[in-house]
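Reviewing the structure listed below.
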Amino acid sequence: MHPGDPLSATGKGCVPGERVTLTSDGERVGGAYADGTGAFTAAIEFTRIEAGRHTVVADCGVRLTGAVDQVVTSSSGGHGGTLVVLVFFVLAGITVIRFP
Numbered sequence: 001m002h003p004g005d006p007l008s009a010t011g012k013g014c015v016p017g018e019r020v021t022l023t024s025d026g027e028r029v030g031g032a033y034a035d036g037t038g039a040f041t042a043a044i045e046f047t048r049i050e051a052g053r054h055t056v057v058a059d060c061g062v063r064l065t066g067a068v069d070q071v072v073t074s075s076s077g078g079h080g081g082t083l084v085v086l087v088f089f090v091l092a093g094i095t096v097i098r099f100p
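Just so we're aligned: the sequence shown equals residues 1 to 100 in full-length UniProt numbering.
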């Protein structure tokens, strides 16, 4: 993954057609609907960037979790801008918690 690349979550195990809501640190970061097999792919957009590991939860009747590492570095080209690197994201099948 490179800076500026789109970030997405992919998972399976949802009820087919169920709404999938993605949250991180209590904030909604994306959403989609599960397909006929219970799988989904959804774009993720963080409204704020804070360095560190952030848990992303996909809730669709079951809860799937993954992590995003956000690394913030300063530009060395004399510009005051900030470069954000989203290093790692894996959501599909990491943790499935079923509620009765």
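Cβ atoms here follow ideal geometry from the backbone N, Cα and C, with glycine treated the same way.
Closest by C-alpha distance to Ala34, out of Arg53, Cys14, Thr47, is Cys14. Arg48 carries a coil assignment under DSSP once its states are collapsed to helix, strand and coil. Boundaries of the beta strand (DSSP E) around Ala43: 40-43. If you draw a 10 Å sphere on the C-beta of Gly30, you find 16 or more other C-beta atoms in it, and that means buried. Thr37 is a Cβ neighbour of Pro16, given a cutoff of 8 Å. Taken through DSSP and simplified to helix, strand or coil, Glu27 comes out as strand. In summary, Gly11 is buried, with 16 or more beta-carbon neighbours lying within 10 Å of its beta-carbon over all protein chains present.
Here Asp69 carries a strand assignment [DSSP, helix/strand/coil]. Annotated three-state conformation of Leu64 is strand, per DSSP.
Rounded to whole angstroms, the separation of the alpha carbons of Phe40 and Val62 is 13 Å.
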